[in-house]
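The numbering of the sequence shown is our numbering, which starts it at 105 and goes up by one. As C-alpha cells, the structure follows; a few thoughts come after it.
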Amino acid sequence: MEYNARRALELLRLSTGQPDAEFREGQEAAIRHIVEGRGRLLVVQKTGWGKSFVYFIATKLLREAEAGPALLISPLLALMRNQVAAAERMGVRACRITSDNQEDWPVAEARLRRDEVDILIIAPERLGNEHFRAEVLADVSDRIALLVIDEAHCISDWGHDFRPHYRLIERIARTLPANLRLLATTATANNRVMEDLRAVLGPDLEVVQGDLNRPSLMLQTMRLPRQAERLAWLAEQVPRLPGHGIVYALTVRDAVQVAEWLQSRGLEVDFYTGRSEDREAREQALLDNRVKALVATPALGMGFDKPDLSFVIHYQAPGSVVTYYQQVGRAGRALEAAHGVLLSGEEETEITGYFIDSAFPTPDEVEQVIRALHDSETGLSVPDLLERVNISKGRIEKTIALLSLESPAPIVKEGTRWQLTAANVSEQFWRRADRLTRLRRDEQQQMQEYVTLETGHMEFLIRALDGEPGAVQPPDLAPLPAEAAPEILHDAVMFLRRTSLPIAPRKQWPGGGLPQYGLRGKIAEGHRAEDGRALCIWRDSGWGELVRRGKNRDGRFADDLVRACVELVERWAPNPAPGWVTCIPSRRRPGLVPDFARRLAEQMALPFLPLLEAVKDTAEQKSMENSTQQARNVDGVFAVSRTPLADPVLLVDDLVDSRWTLTVAAWLLRAGGSGVVWPLSLASAGQD
Numbered sequence: 105m106e107y108n109a110r111r112a113l114e115l116l117r118l119s120t121g122q123p124d125a126e127f128r129e130g131q132e133a134a135i136r137h138i139v140e141g142r143g144r145l146l147v148v149q150k151t152g153w154g155k156s157f158v159y160f161i162a163t164k165l166l167r168e169a170e171a172g173p174a175l176l177i178s179p180l181l182a183l184m185r186n187q188v189a190a191a192e193r194m195g196v197r198a199c200r201i202t203s204d205n206q207e208d209w210p211v212a213e214a215r216l217r218r219d220e221v222d223i224l225i226i227a228p229e230r231l232g233n234e235h236f237r238a239e240v241l242a243d244v245s246d247r248i249a250l251l252v253i254d255e256a257h258c259i260s261d262w263g264h265d266f267r268p269h270y271r272l273i274e275r276i277a278r279t280l281p282a283n284l285r286l287l288a289t290t291a292t293a294n295n296r297v298m299e300d301l302r303a304v305l306g307p308d309l310e311v312v313q314g315d316l317n318r319p320s321l322m323l324q325t326m327r328l329p330r331q332a333e334r335l336a337w338l339a340e341q342v343p344r345l346p347g348h349g350i351v352y353a354l355t356v357r358d359a360v361q362v363a364e365w366l367q368s369r370g371l372e373v374d375f376y377t378g379r380s381e382d383r384e385a386r387e388q389a390l391l392d393n394r395v396k397a398l399v400a401t402p403a404l405g406m407g408f409d410k411p412d413l414s415f416v417i418h419y420q421a422p423g424s425v426v427t428y429y430q431q432v433g434r435a436g437r438a439l440e441a442a443h444g445v446l447l448s449g450e451e452e453t454e455i456t457g458y459f460i461d462s463a464f465p466t467p468d469e470v471e472q473v474i475r476a477l478h479d480s481e482t483g484l485s486v487p488d489l490l491e492r493v494n495i496s497k498g499r500i501e502k503t504i505a506l507l508s509l510e511s512p513a514p515i516v517k518e519g520t521r522w523q524l525t526a527a528n529v530s531e532q533f534w535r536r537a538d539r540l541t542r543l544r545r546d547e548q549q550q551m552q553e554y555v556t557l558e559t560g561h562m563e564f565l566i567r568a569l570d571g572e573p574g575a576v577q578p579p580d581l582a583p584l585p586a587e588a589a590p591e592i593l594h595d596a597v598m599f600l601r602r603t604s605l606p607i608a609p610r611k612q613w614p615g616g617g618l619p620q621y622g623l624r625g626k627i628a629e630g631h632r633a634e635d636g637r638a639l640c641i642w643r644d645s646g647w648g649e650l651v652r653r654g655k656n657r658d659g660r661f662a663d664d665l666v667r668a669c670v671e672l673v674e675r676w677a678p679n680p681a682p683g684w685v686t687c688i689p690s691r692r693r694p695g696l697v698p699d700f701a702r703r704l705a706e707q708m709a710l711p712f713l714p715l716l717e718a719v720k721d722t723a724e725q726k727s728m729e730n731s732t733q734q735a736r737n738v739d740g741v742f743a744v745s746r747t748p749l750a751d752p753v754l755l756v757d758d759l760v761d762s763r764w765t766l767t768v769a770a771w772l773l774r775a776g777g778s779g780v781v782w783p784l785s786l787a788s789a790g791q792d
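In C-alpha cells form, the structure reads like this:
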C-alpha cells in the first residue's frame, strides 16, 4: 500500500492541535513501515515520544485506503481512555470493550459488524473471554488490517508488569497471516525482553529503539529508613517544589496514609489506587492542576499523560529498574528540568519480596487445587475451592488463571466451575516460574544498588535497560536536601501514633455457614459487631513495632499502648459509649490479652469482665489462608461463661486479620444479652 506523507503530517497536526507540528525522529519511518506492510515492528521509545501517534495515524491511513479495522491490545483502563480521546481528535473512530464499560458492549459490537469502528481497544483479558472470542473476534478477525500490542514488555515472562493473559498473544501471533501488519510498542525493553518478544512475535521482528536518556530529569536517591523520616521530608519539600507531581507508594495502605499526612499539613493532595472508585476524576484533578500531587500506587502508571509534571517522588524503592524508569519518566516530558527523587525505606524489600514470592503459585498450592478438582465429578467454583483448600482467594484465582493459560491447559472453565482436563501441569510451567522469580530477585537487588548511588543515576538506568548512556548531562537543577526539620519529624511520629484503622463488621456468614454454631446466611443486625478500630498496622512505624515486641518478645504489652488505646477511644467516641470491657481469650497465651484489656479498663474506669472462654484448641488463625477457612477455624471454639452485662461493650483483641474471631465473639455476646459490641484491636495484620 502506498504511503501518503502529506496526509500523515496533516493527521499529526490535527491530533496535536499544532499547525506547525513535525514528526519526531523515527515516528514517520515507523508509520511508513506499517502502512507499506514491511513486516512486524517493535518500537522501543521512551515515555512521551508519541508511540500512540504512530498507530493512530497508521490506522487512519489504512482505513482511508479501505483496509479493515485495527485491534489494539492495551493493559490499563486509564491508558485506554486517553487513547480513545487521542484517536477521536484525528477522526479515528475508536471504541473499547473493557471490564468497566459492559453497558457499552452491545453498541460497540453492532458498530463493529457495520464496519463503523476504525480501531477496537481491548485489555489482554478479553482474549480469554469466551463471549468476546466467539461473538466479536471471530466476526472481525478476517478483516483486521493491523494488530497493535501496546506496552509489549508485558508479553515477556521477565516483564515488570506481568499480565498472564498477555500469553494468549503468543497463540494469536502464531496463527496470524504472515502479511498481517503487527506493531508492538513499549518504553522499556532490555535485551532479555526483546529476546522474549522475538520468540513470541516472530524472529523477523524488526526493532527500532530510541535514546533512553531523559535529559530533563534531576535524579536523586536518599536512604530514609523510617516512615516518619520520609513523611517529614515530604511535608517539608513538596510545598517548596514548583508545579505538580506524583508521589509513588508500593501499597494501597501507604498511599492513603501519605496522602492523609500531607493533607493534615494543609497540602492539596489526594490518593490514587486500583481500588479508588473515581480514578478518572482523580486523574483529571491532577491534569487540571487542582491538586499539588497524587499519592499513587503503580495503578497510576502507563498511559497517564501530563507532560508538565515537575516531580515524581518515590516513597519506597520499586522492585525493578524497569518499573522505576517507567514511573519516574512521567516527569519532565515538556519541561527543561524536573525532579525524580527516590526515598528508600527499610520496609521496601519486604514488600517487593512479597510481590515476587506471590507472583506464581507454589507446587503445594497447585497440588491442593488439582486434588480438589480431581475429587469433584462436576467441577468446582472459586467459592467451592475456598471451602476445600487452605489457600487465599487471590492465590486460588492466580493459580487457576495461570493453569488455564497453559497449552495444553490442565484445567478448563465450564460456566462458573473449573474442571480437570487430561493434560498435566508441565515442567515448562515450573521452569518459567523459577526463571521469573530468580530474575525478579536480580531486579530487586539491582534496584537496591541504584539506591546507593550518589551520582550517575541516569547512566545506571540506561545501562540496566541495555542502552548506551553516551554523554548524560543532568539539568541545571539544585539537588534537594536529604533531611527534614526535627519539629516536622516529631509531628510525623505523632501522626503515625494517632492514626487508626477501621474494622468493618462482617454482615454474612461464610458459604456453608458455621455448622457447630448452626449459623448460615446473613448475620442478623442485632447480632453483628459495630464498626471497630485497630490502633496500628502490625510492625508498622508508630505503634506497630511496639505491639510486635509485646506479643513476640516481652509477653506483655507496654503501658504506652494502653494510653494510646485510651486516646484512640476518646478520638473515636463510639456512641453509645461502652460500659464495660471484655476480650478475646487464647489457650496458647492465656494471660496476654486479658492483662492488656484489664489495664485498659482500669484507665477508662470501666469494669473488666472476661466472659468469653476458649473451649477447645484450634490451629492459629494466621495459618488459615482464606476467609472461609478462617471462619471454620473458629467454629465452636468460643463460649460465653455467664450472662453478659446489657450495656455496650468494648471487645479487645491483639491482632485482627480476617475479622471472623471478632464476628463470632460479637455474635455470642449479643446473643447472650449484651449491648452493642465495639471491637478494638491493637494491630491489623496483612499485606496490602
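C-beta atoms are modelled at their ideal positions from N, C-alpha and C, and glycine is treated no differently.
Buried versus exposed, by CB contacts within 10 Å (16 or more), residue i
i, result
"Asp644", "buried"
"Arg200", "buried"
"Met598", "exposed"
"Asn317", "buried"
"Ala385", "exposed"
"Trp534", "exposed"
"Gln734", "buried"
"Glu387", "buried"
"Pro689", "buried"
"Pro179", "buried"
"Asn294", "buried"
"Glu132", "buried"
"Asn730", "buried"
"Thr559", "exposed"
"Thr556", "exposed"
"Lys726", "exposed"
"Pro680", "exposed"
Close Cβ partners of residue i (< 6 angstroms) along its chain, the five nearest in sequence each way excluded
i, result
"Pro783", "Ile607, Ala633, Gly636, Leu755 and Leu766"
"Gly779", "Ala750, Asp751 and Pro752"
"Tyr159", "Val252 and Leu287"
Nonlocal neighbours in the same chain, by C-beta distance under 7 angstroms from residue i, ignoring five residues either side
i, result
"Gly263", "At Gly263, the pLDDT of 46 sits below 50, so the modelled position is not reliable; the number obtained from the coordinates is stated separately. Around Gly263: His257 and Val297."
"Glu106", "none"
"Asp124", "none"
"Pro329", "Gly449 and Glu450"
Backbone secondary structure at residue i - three-state DSSP
i, result
"Gly776", "helix"
"Trp153", "coil"
"Thr686", "strand"
"Ala174", "strand"
"Asp758", "strand"
"Val188", "helix"
"Pro487", "helix"
"Pro783", "strand"
"Ala769", "helix"
"Ile500", "helix"
"Ala668", "helix"
"Gly457", "helix"
"Ser511", "coil"
"Lys410", "coil"
"Ser788", "strand"
"Met728", "coil"
Cut-off 8 angstroms between Cβ atoms - residues of its own chain near residue i, not counting five sequence neighbours on either side
i, result
"Ser788", "Leu605, Ile607, Ala638, Cys640, Ile641, Trp642, Leu759, Val760 and Asp761"
"Gln236", "For clarity, residue 236 is Phe in the given sequence; the question names Gln instead. Hits under 8 angstroms: Ile201, Ile226 and Arg230."
"Glu310", "His137, Arg142, Gly143, Arg144, Leu145 and Leu146"
"Gln612", "Gly625, Lys626 and Ile627"
"Ser785", "Ile607, Gly636, Arg637, Ala638, Leu639, Val756, Asp757, Asp758, Leu759, Val760 and Leu766"
Any non-hydrogen atom of the ligand FAD closer than 8 angstroms to residue i Cβ
i, result
"Ala770", "The ligand FAD is not part of the structure shown, which contains no ligands of any sort."
Ordered list of beta strand (DSSP E) runs contained in the segment 589-664, each at least 3 residues = Along the length of the segment 589-664, whole beta strand (DSSP E) runs at least 3 residues long occupy 605-607 and 636-641, reported in chain order.
Would you list, in sequence order, the uninterrupted alpha helix (DSSP H) runs of no fewer than 4 residues that lie entirely inside the segment 196-232?
-> With a minimum length of 4 residues, the continuous alpha helix (DSSP H) runs that stay inside the segment 196-232 are 209-217.
What beta strand (DSSP E) runs, 3 residues minimum, are completely inside the segment 521-588?
-> If we require 3 residues or more, the beta strand (DSSP E) runs fully inside the segment 521-588 come out as 521-524.
Where in the segment 348-404 do unbroken runs of the beta strand (DSSP E), each at least 3 residues long, occur, reported from the N-terminal end onward?
-> 349-352, 373-376 and 397-400, all fully within the segment 348-404.
May I ask you to verify whether the segment 511-527 touches the segment 546-557, counting CB pairs closer than 8 angstroms and requiring at least 3?
-> In this structure the segment 511-527 does not lie against the segment 546-557, because fewer than three pairs of beta carbons, one per stretch, are closer than 8 angstroms.
Indicate whether the contact test is met: 3 or more Cβ pairs, each with one atom in the segment 399-411 and one in the segment 433-441, closer than 8 angstroms.
-> Yes, since at least three Cβ pairs between the segment 399-411 and the segment 433-441 fall closer than 8 angstroms, the two stretches touch.
Stretch pair the segment 335-350 + the segment 458-467: three plus CB contacts closer than 8 angstroms | The answer is no - the segment 458-467 does not touch the segment 335-350, with fewer than three Cβ pairs under 8 angstroms.
For the 8 angstroms Cβ check, are there 3 or more pairs between the segment 648-659 and the segment 710-722?
-> No contact exists between the segment 648-659 and the segment 710-722.
Which whole runs of the alpha helix (DSSP H) in the segment 291-344 are 4 residues long or more, in chain order?
-> As far as the segment 291-344 is concerned, its whole alpha helix (DSSP H) runs of at least 4 residues are 295-305 and 331-341.
Please determine if the segment 108-115 and the segment 162-174 are in contact, where contact requires at least 3 C-beta pairs separated by less than 8 angstroms.
-> Short answer: they touch.
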